[in-house]
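*Asks:* Numbering (the numbering used here), first residue to last: 337 to 542.
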Amino acid sequence: EHLNRDSSHLTQAQAIFLDGHFVIEHTARNRSGRFFNFNGTAGVWRRETIEDAGGWQHDTLTEDLDLSYRAQLEGWRFVYLPFIMALGIGLCVNQAKAVLEALVGHETGFTRTPKMGISGRDRSWISKRYRAMTSLQPLLELALGAYLTSAIYFALDKGVWFSLPFLVLFQFGFFYVGVMSLLQGRLAILVRLLRRSSPTTAPAVE
Numbered sequence: 337e338h339l340n341r342d343s344s345h346l347t348q349a350q351a352i353f354l355d356g357h358f359v360i361e362h363t364a365r366n367r368s369g370r371f372f373n374f375n376g377t378a379g380v381w382r383r384e385t386i387e388d389a390g391g392w393q394h395d396t397l398t399e400d401l402d403l404s405y406r407a408q409l410e411g412w413r414f415v416y417l418p419f420i421m422a423l424g425i426g427l428c429v430n431q432a433k434a435v436l437e438a439l440v441g442h443e444t445g446f447t448r449t450p451k452m453g454i455s456g457r458d459r460s461w462i463s464k465r466y467r468a469m470t471s472l473q474p475l476l477e478l479a480l481g482a483y484l485t486s487a488i489y490f491a492l493d494k495g496v497w498f499s500l501p502f503l504v505l506f507q508f509g510f511f512y513v514g515v516m517s518l519l520q521g522r523l524a525i526l527v528r529l530l531r532r533s534s535p536t537t538a539p540a541v542e
């Protein structure tokens, strides 16, 4: 949702244009198998795709548009997922914390991604320590999810139907990120404890 849609007639017109571009045009082009331009915001590229298409070109004003069509001409296909926005909403607590720390001059690392510090040849997350478990951030995300659950109940009770899609989107995002943060951290700890407590059997010698 646009933050300043109703600020002026200009922002209202721009909001309509952007909604048509993303919600209608991108969805229609993707579902019909046609080319569509990859926008830089909230998108994920495969490194192989960028390299195969010739990499980023600096001599164009819209490098994301240029690269996206070169990649599609090479046979790569994009997928437009409008509802993935729920996961981005769930990360807003983490993002807000990072912004506030930057404003007060507190230098800190971004611990949400990667969650387990996976790198190199060891791709297993079981043996890794979950880096974000030392804070109360997952609990705050779950609390916001619970608050939005009560807001959904209020909207249902009062018949405010138009607000339900947005409330559910926020509720799902906060619950998903909070639950997965706790679940992956606790599961990794449990597996490590079970491995330590399991007896090791030495091979028999004949």
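We put the CB at the ideal spot given by N, CA and C, even for glycine.
Predicted model, so just to flag it, every value in this text is computed and none were measured.
Could you give the distance in angstroms between the alpha-carbon of F374 and the alpha-carbon of L492?
*Replies:* 37 angstroms
*Asks:* Since V429 and L472 are thought to touch, with beta carbons under 8 angstroms apart, how far apart are those beta carbons, to the nearest angstrom?
*Replies:* V429 to L472, Cβ: 10 angstroms. No contact.
*Asks:* Along the chain, where does the alpha helix (DSSP H) that runs through G298 open and close?
*Replies:* Outside the modelled stretch of the chain, which goes from 337 to 542, sits residue 298, for which no answer is possible.
*Asks:* According to DSSP, is L401 part of a helix, a strand, or is it coil?
*Replies:* Three-state DSSP puts L401 in a helix.
*Asks:* Tell me which residue opens and which closes the alpha helix (DSSP H) that H345 is part of.
*Replies:* H345 to D355
*Asks:* Are the CB atoms of F502 and L480 nearer to each other than 8 angstroms?
*Replies:* The answer is no: Cβ separation not under 8 angstroms.
*Asks:* Quick one: what's got a C-beta closer than 8 angstroms to Q408's C-beta in the same chain, skipping five residues either side?
*Replies:* Cβ neighbours of Q408 beyond the five flanking positions: F371 and F414.
*Asks:* Apply the 10 Å Cβ neighbour rule to P450 and answer buried if 16 or more other Cβ atoms are within range, or exposed otherwise.
*Replies:* Its pLDDT being 41, under 50, P450 is placed unreliably by the model, and the measurement read from it follows with that caveat. Label assigned to P450: exposed.
*Asks:* Starting from L439 and walking both ways along the alpha helix (DSSP H), at which residues does that stretch end?
*Replies:* Taken as a continuous stretch (DSSP letters only), the alpha helix (DSSP H) holding L439 covers C428 to L439.
*Asks:* According to the neighbour-count rule (16 or more other Cβ atoms, all chains shown, within 10 Å of its Cβ), is T396 buried or exposed?
*Replies:* exposed
*Asks:* Distance, Cα to Cα, V515 vs Y483?
*Replies:* 15 angstroms
*Asks:* Does the Cβ of L403 have 16 or more other Cβ atoms within 10 Å, making it buried, or fewer, making it exposed?
*Replies:* buried
*Asks:* Considering only C-alpha positions, which residue in the set T398, R367 and V440 is nearest to L417?
*Replies:* The shortest C-alpha separation from L417 is found at R367.
*Asks:* Taking the alpha helix (DSSP H) that A364 belongs to, which residues open and close that run?
*Replies:* T363 to R367
*Asks:* Decide if A438 is buried, meaning its Cβ has at least 16 other Cβ atoms within 10 Å, or exposed.
*Replies:* exposed
*Asks:* Compute the Euclidean distance between the alpha carbons of A364 and G495, then round it to the nearest angstrom.
*Replies:* One C-alpha to the other measures close to 31 angstroms.
*Asks:* Run through DSSP, which three-state label would T444 get?
*Replies:* coil
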